[in-house]
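Asker:
Protein chains: 4
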Amino acid sequence: MTRDDFPHFLRIETRWMDNDVYGHVNNATYYSFFDTAVNKHLLDAKVLDLEGSPAFGVVVETGCKYMKSIAFPDVIHAGMRVTKLGNSSVRYELALFRNDEPDASAEGWFVHVYVDRAMRRPVRIPDEVRAALAPLRR
Amino acid sequence: MTRDDFPHFLRIETRWMDNDVYGHVNNATYYSFFDTAVNKHLLDAKVLDLEGSPAFGVVVETGCKYMKSIAFPDVIHAGMRVTKLGNSSVRYELALFRNDEPDASAEGWFVHVYVDRAMRRPVRIPDEVRAALAPLRR
Amino acid sequence: MTRDDFPHFLRIETRWMDNDVYGHVNNATYYSFFDTAVNKHLLDAKVLDLEGSPAFGVVVETGCKYMKSIAFPDVIHAGMRVTKLGNSSVRYELALFRNDEPDASAEGWFVHVYVDRAMRRPVRIPDEVRAALAPLRR
Amino acid sequence: MTRDDFPHFLRIETRWMDNDVYGHVNNATYYSFFDTAVNKHLLDAKVLDLEGSPAFGVVVETGCKYMKSIAFPDVIHAGMRVTKLGNSSVRYELALFRNDEPDASAEGWFVHVYVDRAMRRPVRIPDEVRAALAPLRR
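Chains as they are written, first to last, in the numbering used here: chain L, 14 to 151; chain Y, 14 to 151; chain F, 14 to 151; chain R, 14 to 151.
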């Protein structure tokens, strides 16, 4: 995938601790980039209030393919798009681009199911969340 | 999946920091459980020497399905098995069991491709690694 | 310090991700061991309810001296004691013992100030917390 | 402390995972900001080569005072200065400034002792490292 495949990007700075003994960002840390990108978009769009939202997304599935390594102090540009927007679930696809590289170093997916805060049962994705996700649809 | 589906387990203690704002272990942290389980097995079998092994596994793909939440201070029992053992790649399947529960809280996969340390090009998985993985085959 | 200096211990398993590029547990991760030990003690004593406690401790100061390195897959035994118990603050001293070693690999401190959940202003440490800390006093 | 107390800053983006159950950046994570700031400075100055430097700093002491909370998605500006530069050790003082705030949210320290790569025994801090630290002296 290339940057043209994504309508939205988040800049993420790597950290010293992200590198593991092999001198590259650890595989688990990629997922912290994914949920940072997704949640930052929702917070910026003001459709996620950590303490107050009556409904919010819980992660039900994630995955990642690692093509090229990333290492601190690289800067990451996380591209994101929404490829499925159902009644209660939304599927994000993300790719991580290293510094100025045109090709993705990693590609992943991230599925949220919306639940109500009290009972944590699936609910319809709120309209304001749908509006915030519309520009990401591909 | 249940515990009977796995020939090998690693006990993992959760940590305070594992919980995110929703009071549950963050989705990215599950992957740190997976790579801890895989690498601990290889270290215990003495087929992984972090500084000296001429060939070692790099992670090329991971994924996870989250069925039930886990939270600090839960104790996790990570089941693992090898479902594919190719020339240079090995696929691990893992499941996380919370405390004494019989059903998995999460199921994941983790694919290693073996590379040589110097050039990081794919190589055949060493025989001693194959021997260490044999008891995990399912 | 030696193990005799501590009335209480928590066993903590290291993880693959704890190691940094130098092949040792990263300095920041030691603090995750400290807050895991402190909070686990409070949870086990049933004086900390993550969602319901009207008062809880916020961390106002921490520190650590690193004497010997620790590396995955070492097992850590975190010793803890309370050296000051004031009106609203409590000072924990902790030491990390590697596997079966008698001498500490690291020594640290951790100061909690209790605040009320709503306003986050200092309050007197609740009596049940004081009772839970009494066996740790040195 | 205020921003005027520091000659050098590093911008650090917070991440979703940095927040703990209380909705604020976890106390241990502050130390990952400290070592990211220190190592980023050394890498930018080209006096740290993760695989090749014959001598490098190992962390022997760290500490932090937490004055005001920080939370994702805050942006942190990490101020740093060197207050002691001895034969083999260097003491960094750091402060974390939240978004556009003039006063520090946290203040910390971080002591490196330089060791040779092979034996990990203390050595004199290399001249090129001293040159890179000179602009940070206060």
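Backbone N, C-alpha and C define an ideal beta-carbon position, used for all residues, glycine too.
Let me know the secondary structure DSSP gives residue 47 of chain L once reduced to three states.
Answerer: DSSP places residue 47 of chain L in helix when its eight states are reduced to three.
Asker: Taking Cβ-Cβ distances shorter than 7 angstroms, what residues in chain L pair up with residue 40 of chain Y?
Answerer: Within chain L, the residues near residue 40 of chain Y are 44, 48, 72, 75.
Asker: Do you know how far the Cα of residue 114 of chain Y is from the Cα of residue 107 of chain R?
Answerer: So the two alpha carbons sit approximately 45 angstroms from each other.
Asker: Checking contacts by CB at 8 angstroms: is residue 9 of chain R closer than that to chain F?
Answerer: Residue numbering for chain R in the displayed model covers 14 to 151; residue 9 of chain R lies beyond these limits and cannot be assessed.
Asker: Might you give, ordered along the chain, the residues of its own chain that have their beta carbon closer than 7 angstroms to the beta carbon of residue 46 of chain Y, omitting 5 neighbours on each side?
Answerer: Counting only Cβ-Cβ distances below 7 angstroms, and skipping sequence neighbours, we find 25, 89, 91, 109.
Asker: With distances taken Cα to Cα, identify the nearest neighbour of residue 79 of chain R among F:141, F:77, F:124.
Answerer: Comparing Cα-Cα distances from residue 79 of chain R to each of F:141, F:77, F:124, the minimum goes to F:124.
Asker: Once the 5 residues before and after residue 135 of chain R are set aside, which same chain residues still bring their CB inside 7 angstroms of it?
Answerer: The answer, listed in chain order, is 101, 126, 127, 128.
Asker: Whose C-beta lies closer than 7 angstroms to the C-beta of residue 58 of chain Y among residues of the same chain, with five residues either side of it excluded?
Answerer: Correct list, in chain order: 145.
Asker: So, do the stretch 62 to 81 of chain F and the stretch 36 to 53 of chain F have three or more beta carbon pairs nearer to each other than 8 angstroms?
Answerer: Verdict: yes, contact present.
Asker: I want to verify the contact list: residues of chain F whose CB lies under 7 angstroms from the CB of residue 63 of chain Y, in sequence order.
Answerer: The answer, in chain order, is 36.
Asker: Show which residues of chain L have a CB atom less than 8 angstroms away from the CB atom of residue 33 of chain F.
Answerer: 29, 30, 32, 33, 34, listed in chain order.
Asker: Measuring CB to CB, does residue 48 of chain L end up less than 8 angstroms from residue 14 of chain R?
Answerer: No. Outside cutoff.
Asker: Show which residues of chain Y have a CB atom less than 7 angstroms away from the CB atom of residue 53 of chain F.
Answerer: Simply 86.
Asker: Can you tell me the Cα-Cα spacing of residue 137 of chain R and residue 75 of chain R, whole angstroms?
Answerer: When rounded, the distance between both Cα atoms is 21 angstroms.
Asker: Taking all protein chains shown into account, decide if residue 39 of chain Y is buried (16 or more other Cβ within 10 angstroms of its Cβ) or exposed.
Answerer: Buried is the call here.
Asker: Determine the direct distance from the alpha carbon of residue 148 of chain R to that of residue 61 of chain Y, and round the result to whole angstroms.
Answerer: Approximately 43 angstroms, taken between the alpha carbons.
Asker: Excluding the 5 residues preceding and the 5 following residue 70 of chain Y in the sequence, name in chain order all residues of the same chain whose CB lies nearer than 6 angstroms to its CB.
Answerer: So the list reads 125, 127, once near-sequence residues are dropped.
Asker: What are the boundary residues of the beta strand (DSSP E) that includes residue 62 of chain L?
Answerer: Per DSSP, residue 62 of chain L belongs to no beta strand (DSSP E) and is neither H nor E.
Asker: Step through the CB atoms of chain F and report whether any lies within less than 8 angstroms of the CB of residue 89 of chain Y.
Answerer: Closer than 8 angstroms: no.
Asker: Using 8 angstroms for Cβ pairs, my map puts residue 65 of chain Y next to residue 64 of chain F. What's the rounded Cβ distance?
Answerer: Not really, about 48 angstroms apart at Cβ, beyond 8 angstroms.
Asker: Say whether chain F places a C-beta atom closer than 8 angstroms to the C-beta of residue 26 of chain Y.
Answerer: Taking Cβ atoms only, chain F reaches closer than 8 angstroms to residue 26 of chain Y, which makes this a yes.
Asker: Look up residue 74 of chain L in the DSSP assignment and give the residues it is bridged to.
Answerer: Paired residues: L:124, Y:78.
Asker: With hydrogens ignored, establish whether the beta-carbon of residue 45 of chain R is closer than 7 angstroms to any heavy atom of the ligand GTP.
Answerer: In the structure shown, the ligand GTP is absent, as is every other ligand, since no ligand is present at all.
Asker: Rounded to the nearest angstrom, what separates residue 51 of chain Y and residue 105 of chain Y at their Cα positions?
Answerer: Going by the C-alpha atoms only, they are around 8 angstroms apart.
Asker: Would you mind telling me which residues of chain Y sit closer than 7 angstroms to residue 146 of chain F, beta carbon to beta carbon, in chain order?
Answerer: In chain order: nothing, as chain Y lies at least about 17 angstroms away.
Asker: Helix or strand or just coil, what does DSSP make of residue 115 of chain F?
Answerer: It is coil, neither helix nor strand.
Asker: Chain F beta carbons: is any one of them nearer than 8 angstroms to that of residue 59 of chain R?
Answerer: Residue 59 of chain R does not count as touching chain F.
Asker: Cβ closer than 7 angstroms: which chain R residues qualify as neighbours of residue 127 of chain F?
Answerer: Going along chain R, no residue has its Cβ under 7 angstroms from residue 127 of chain F, so there is no contact; the nearest lies around 13 angstroms.
Asker: Candidates F:17, F:95, F:28: which alpha carbon is nearest residue 54 of chain F's?
Answerer: Selected option, being the one with the closest Cα: F:95.
Asker: Quick one: give me the first and last residue of the alpha helix (DSSP H) that residue 145 of chain L is part of.
Answerer: Start and end: 140 to 146.
Asker: Would you verify that the beta carbon of residue 78 of chain R is, or is not, closer than 8 angstroms to some beta carbon of chain F?
Answerer: Output row for residue 78 of chain R: interface = yes.
Asker: Between which two residues does the beta strand (DSSP E) carrying residue 38 of chain L extend?
Answerer: Per DSSP, residue 38 of chain L belongs to no beta strand (DSSP E) and is neither H nor E.
Asker: Looking at the strands, I want to know which residues DSSP matches up with residue 102 of chain Y.
Answerer: Per DSSP, Y:126.
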